[in-house]
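Chains as they are written, first to last, in my numbering: chain A, 78 to 424; chain B, 78 to 424; chain C, 36 to 413; chain D, 36 to 413.
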Amino acid sequence: MNYLSEHQVLIQDTLNRILEDLCQKQTVDAAENGEFPSALWEALSETGLTLTGLPEEHGGSGGDLSDALIVMKGAGKFSAPIPIAENFLGRVLCCEFGLSAPKGIATFCDNFFSITPDGQLRGSSSQTAFGRWSETVVLIAEHGDETYLCACPFEVFELNEKNNMAGEPRDMLSVETKLTSDQFVQADGVARRARLLGAALRVAQMSGALESILEMSVSYSMERSQFGKPISKFQAIQQQLATMAGEVAASIRAAQSIEISKDLMIELDVAIAKARVGEAVGVCTDIAHQVHGAMGYTLEHTLNHRTRRLWAWRDEYGSEKEWQIEIGRFFSGNASGNLWDQITLLA
Amino acid sequence: MNYLSEHQVLIQDTLNRILEDLCQKQTVDAAENGEFPSALWEALSETGLTLTGLPEEHGGSGGDLSDALIVMKGAGKFSAPIPIAENFLGRVLCCEFGLSAPKGIATFCDNFFSITPDGQLRGSSSQTAFGRWSETVVLIAEHGDETYLCACPFEVFELNEKNNMAGEPRDMLSVETKLTSDQFVQADGVARRARLLGAALRVAQMSGALESILEMSVSYSMERSQFGKPISKFQAIQQQLATMAGEVAASIRAAQSIEISKDLMIELDVAIAKARVGEAVGVCTDIAHQVHGAMGYTLEHTLNHRTRRLWAWRDEYGSEKEWQIEIGRFFSGNASGNLWDQITLLA
Amino acid sequence: MFQGLAFNPFTLPPEAEALRADVRKFLADSLDPTSLPNSDFNAGDSSEFSKALGKRGWIGMTWPKQYGGQDKSFLERYVVTEELLAAGAPVGCHWIADRQTGPLLLKFGTEEQRKEFLPKIASGNCYFSIGMSEPNTGSDLASIKSMAKKVEGGWLLNGSKIWTSYAHTNHFMVALVRTELASENRHAGMSQVIVDLQDKNVTVSGIKNLSGEEDFNQVFFDDVFIPDDRVVGQPGNGWEQVISELGYERSGPERFLSAFRVLVEYSKELAEGASDDQYSILGRLTAHLITLRRMSISVAGMLESGETPITEAALIKDVGNAYERLVPEVVRLSQTRNPSARFLDTLSQCILHAPSFTLRGGTREILKGVIARGLGLR
Amino acid sequence: MFQGLAFNPFTLPPEAEALRADVRKFLADSLDPTSLPNSDFNAGDSSEFSKALGKRGWIGMTWPKQYGGQDKSFLERYVVTEELLAAGAPVGCHWIADRQTGPLLLKFGTEEQRKEFLPKIASGNCYFSIGMSEPNTGSDLASIKSMAKKVEGGWLLNGSKIWTSYAHTNHFMVALVRTELASENRHAGMSQVIVDLQDKNVTVSGIKNLSGEEDFNQVFFDDVFIPDDRVVGQPGNGWEQVISELGYERSGPERFLSAFRVLVEYSKELAEGASDDQYSILGRLTAHLITLRRMSISVAGMLESGETPITEAALIKDVGNAYERLVPEVVRLSQTRNPSARFLDTLSQCILHAPSFTLRGGTREILKGVIARGLGLR
């Protein structure tokens, strides 16, 4: 039983083939040392996978958010060190709020800048994902109560390279420039929308990474022998991996809910997923590292690419706690209804 | 190596002998069905153990709080269904704040009543421990900003019998009466003091109960066979009991700190102990019940006497969360010092 | 990816959702809103309620009409089940007969047994207990000692069963017993028999649980005569049937709703406004619940299409069980200034029942063992 | 009551407390307050710092004066150790030499070895690594393969050791190696030898940890000549010595202080006022820490009076380890509105180091196994 469409299975298969080919451990390591994985990005671009989920009239490959999330899950599973999520997020915001399609690789910057109605932009961001590898930086700027979405060429920024705990670029970008009128647009509600979509993308990436560390942990436990037998034969290890499997299964299911979410419910579905998956990260990474022993604590085993990203991603676009608060407000505030009635409204 | 004095070891031994004799499962069951365990109470009275830690000039057996705590730990270990802690608390407050020694079995009532300066007392308490078995009810009453400690004969109250989740009497007492001048006294700070001592007593009782459920769980795991071997031989059971042992050891050690606490530090030591022990309860009762299986879920095994009391006691005189907040305020508020300096001031 | 981790999204079909409003209306009419409901399926019983439910056709609803059923889908049954549990309805009387005995008789029973029992079960008038564990067996069912000896026209049963819920009020018990002495093959020589609990040679002795309710029992058999036609399936086939019966104990909403009433009362406590921390607790627990429900509905979908999701069922039980134990422990530390008596009572009852949440359907260790097998570790 | 659960209260004696002020003054003078300290003992090294510490007499301080020690008590050493860790001092260079190699040589070394190495260690000028694990041994040390063959005047060593902290900067390694082929008795035929890490036949290959630091290594031996006088104790006695050496890895403050700097930075975040929830987190974590410290001081008292508290040590490690992993996970969910960069960096570093907290001194499973033995379960 597969809930994916034929088209989505095709996306998944193509993606997996490219990632297995071009996103092995050395690619991820090299990216952490500053080398943009151009072969990987190009292969994904050629097959249209960097533009999956974006409308064709906006330069995209067609499809919708659920198609894009399938790409993100695969990318997360392989720790693809590329701005696949950020490029999508920058582009989809431009599309939704009426800017033309960004040039080259786009990224999205989660901080606030200030802008004047005639386009004078200033400010700085502390951690722009993959800033250094982007050609267009999509960002949100404010003028009083008004919010604008801007798409700026990378050259206008001053760059200060930083990394997150996963070694992914999270750059400081500073700017003081005048934008042309086609580079910004008033965009009410764009901040909330960006946070929601950002969280959805991270959820998909995390669910892929969690699936991957479960697979790695199970394999490692069967390969690794101690006291004359594979450690997978010890009841204590089995019980831990079983616990982890439950958390991973719940995470995957929570992530899938975004893929099939109805428009009206998507805020709640994303909140639930980010909260549930975020909470699973601590339990699962702890067990994965416990099973992998000293080897997992090194950069020699690829486990670290997954776990360090999971630790970084769970805090991006809202930690589980922040989303839990929103969920709690939703379910308690609606005091007229009853809790169970509301829960059963969710598919 | 024993940190107890010779005298304290004697207290412990006498107490254990009496409890082993007169506080078996049927005694606890009978008390839950309404029967006051008079043989037990009398044996403890005759040996002076119901008055341990109270000064002789106040009708007590002498000794100090640490002696009383040794009695409470033993009582907790056997789930002694008697107002041993409440009797002590009522009496020690009378002694400290200048009322004469209460008549008969005393209890302390944790709710607020109102009183006029000439002794007109009114109000009601929702859960007075062992109210129905007491002769004197010690309580706190307010008049405007003033706080009074009162020692009232049981007869003046209207009694509505209630039990807590452990089946211990937690009675509703209502009163409207006029006290004589020797029955009440102005007592600044008595509420805080009562809460502190109450928490200290519960900590000692809980540490005894926790020690007991660890012993029971280890024994049960060695007696109970499944799939042809004692369940103690399964690694999963061993690992759980080891986890429980750590929590129990920490709880016992935290409780002992109150016994040896210096006056200046006692508020902090009690707070730390109630917080630490309260947190251990959930972990330990969960494992104990898991190990005991269906048998532990019945009233036929004495485990239930311990675990149900632990669940009730962890919420009395401040849950772990309430005490954690106080500890946190203490260590963060004192911003001039540094955290480590303050930690090392505690013996 | 491993087998058994794929809880593919599945949506309850319109006919199932359509039923929901009916069930809610029925519950609103038949439950006393002032009583303290308990969503733990084992913590309330009312034969009056079971009969009313039977009248609506909501017991045995997936069974063929010829046996008193409604020929409904598993998905429609799912909706009815979750509505009953969420409302804290007293389902104790018919629960086992509906979820286990009925399916057992449909699969292994004789035509006479089906005709005799199923319609009465479906109408809410016939209640069954399960007799599996014995003192000292625990999860190791092959070690049972109750023995039925062949006699003229039937069997003479001696021994004892323990943890049989509602044996003091139910009509019958399906007991797993030895019909041959234990041999090298530990699983051979066992049979399932239907015991009339009103038989004078049956003694039912109540066992009080932590909250003082006598909801389970020890049942003693002292030369109880079991007629040949009360053996379910072939004599000696008991183990295979039980293994399959354990399968009925799937991964329904009873695996994660036991503590739900605590959440309901807690959300009411927060209705007047609360701290971020309190909202986050409600949000956290609700996110878990919704995800578990989605996983469980996925499994219901697999069952409906004839799959046998063994590992998935164990996963839901394991995650659900951890969740059910988490709920009261997290909520108790977040009590509001003036908690309602109803909230506090619900919470205490949940804490007292919590140790039982792990007992049914296999202990934690056994469940995790099943999952480990699904992962290929054993 | 079981053996091993009695952590009787013990108070550090005045002479130990008196030392505390000296150590604090020294640390205030020698540590850069703007750098990011890390209370994980494995996460900082400075030979300059170690030399200054040696000059103060705070390395090898319990050893006899004739070997460069100070004849101080374990309790005085306890105070120095906890002050260093709490301040996040860079103790990596001398740590192993001080805590493990010194005691090993004192107990099993020849008089020449003691005279040669101990004074240099105590002055902070000679650093040791431990060579125990090999690829594929894990906790099963008896399965090591590194082999030293007897030759004229010494031994020729081949093989490899892994997870040797600071082998790239340290001077020597005490390696556990086979000096006879493995036999039926898996523990026979092993010896401990002192390897000069500057030897040209020794290759040290760095292994990066999760935060990118190369603090441990794989070390390869290719016909490394070990003179006879560099064998510690009797050839063939290695296993007994190692068992005893594992005993040195007791239950000191390094078992629960690894995450302490997170707590320090967190308490600073709350200094300007905080929510009850935030206070409760600080209070919870502090209550754990203070209790662990008290347990650990109890054990120090037992050690000082010559007892061998094996189960107690394992309990502290197990509880301490759970605590160290809890700290960053709890604190990260309580971030204040405008967290300082220093707080966030400390937190990230702790999360990246956390997987190592369980690795040293035995995995969780092994530790819990030791406790289970103390409980009489095995």
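In this text, a Cβ means the ideal position worked out from N, Cα and C, and glycines have one as well.
- Distances from the alpha-carbon of residue 352(D) to those of 46(D), 123(D) and 328(D) put 328(D) closest.
- Taking a 10 Å sphere around the C-beta of residue 241(D), we find fewer than 16 other C-beta atoms and assign the residue as exposed.
- Rounded to whole angstroms, the gap between the alpha carbons of residue 195(D) and residue 159(D) is 27 Å.
- Contact between residue 98(C) and residue 157(C) holds: CB atoms are separated by about 7 Å, below the 8 Å threshold.
- Between the beta-carbon of residue 165(B) and that of residue 130(B) there is about 6 Å, and that keeps the pair under the 8 Å contact cut.
- Counted as a single uninterrupted DSSP element, the alpha helix (DSSP H) harbouring residue 49(C) occupies residues 49-65.
- CA-to-CA, the gap between residue 256(C) and residue 136(C) works out to about 20 Å.
- For the 8 Å CB-CB criterion, residue 283(A) and residue 376(A) do not form a contact.
- The beta carbon of residue 174(A) does not come within 8 Å of any beta carbon belonging to chain C, so the residue lies off that interface.
- Going by beta carbons, residue 205(A) and residue 265(A) fall outside the 8 Å limit.
- Counting only runs of 4+ residues, the alpha helix (DSSP H) found wholly inside the segment 81-130 of chain C occupies 82-90 and 109-121, in chain order.
- Assignment of beta-bridge partners to residue 307(A) by DSSP yields 302(A).
- From the listed residues 163(D), 170(D) and 69(D), the smallest Cα separation to residue 130(D) is found for 163(D).
- Here the C-alpha atom of residue 258(C) lies approximately 56 Å from the C-alpha atom of residue 125(B).
- When CB distances to chain C are screened at a threshold of 7 Å, the residues of the segment 347-367 of chain B falling below it are 359, 363, 366 and 367, in chain order.
- The C-beta of residue 84(B) has fewer than 16 other C-beta atoms within 10 Å across all chains shown, which makes the residue exposed.
- Only buried fits residue 400(D), as 16 or more other CB atoms lie within 10 angstroms of its CB.
- By the 16-neighbour rule on beta-carbons within 10 angstroms, residue 193(A) is exposed.
- Counting C-beta pairs with one atom in each stretch, the segment 358-374 of chain A and the segment 202-216 of chain A have fewer than three that are closer than 8 Å, which means they do not touch.
- Relative to residue 278(C), the option among 84(C), 292(C), 300(C) and 174(C) whose CA is nearest is 174(C).
- The criterion of a C-beta distance shorter than 8 Å is not satisfied by residue 227(C) and residue 245(C).
- Minimum Cα-Cα distance from residue 319(B) among the listed residues 291(B), 423(B) and 304(B) corresponds to 291(B).
- Chain A places no beta carbon closer than 8 Å to that of residue 407(B), leaving this residue out of the contacts.
- Using a Cβ-Cβ cut-off of 8 Å, residue 251(B) does not count as an interface residue toward chain C, since no Cβ of chain C sits closer than that to its own.
- Between the C-alpha atoms of residue 149(D) and residue 124(D) there is a straight-line separation of about 27 Å.
- According to the DSSP assignment, residue 258(C) belongs to the beta strand (DSSP E) that extends over 251-262.
- The residue from 423(A), 144(A) and 134(A) with its alpha-carbon nearest to that of residue 87(A) is 144(A).
- By the Cβ rule, the segment 176-193 of chain B does not count as touching the segment 148-155 of chain B, because fewer than three pairs are nearer than 8 Å.
- The segment 42-51 of chain D and the segment 259-276 of chain D do not touch, with fewer than three beta-carbon pairs separated by less than 8 Å.
- Using beta-carbon distances, residue 237(A) does not count as an interface residue toward chain D, since no partner is under 8 Å.
- Listed along chain D is no residue with a C-beta nearer than 7 Å to that of residue 175(C); the closest approach is about 19 Å.
- Nearest CB-CB separation between residue 385(A) and chain D: below the 8 Å threshold.
- In this structure, residue 200(C) and residue 250(C) form a Cβ contact; the two beta carbons are roughly 6 Å apart against a cut-off of 8 Å.
- Counting only residues of its own chain and dropping the five nearest sequence neighbours on each side, residue 181(A) has a CB closer than 7 Å to the CB of 212 and 213.
- Note that the C-beta distance between residue 230(A) and residue 159(A) is not below 8 Å.
- Residues of the segment 245-272 of chain C that bring their beta carbon within less than 9 Å of a beta carbon in chain A are absent altogether.
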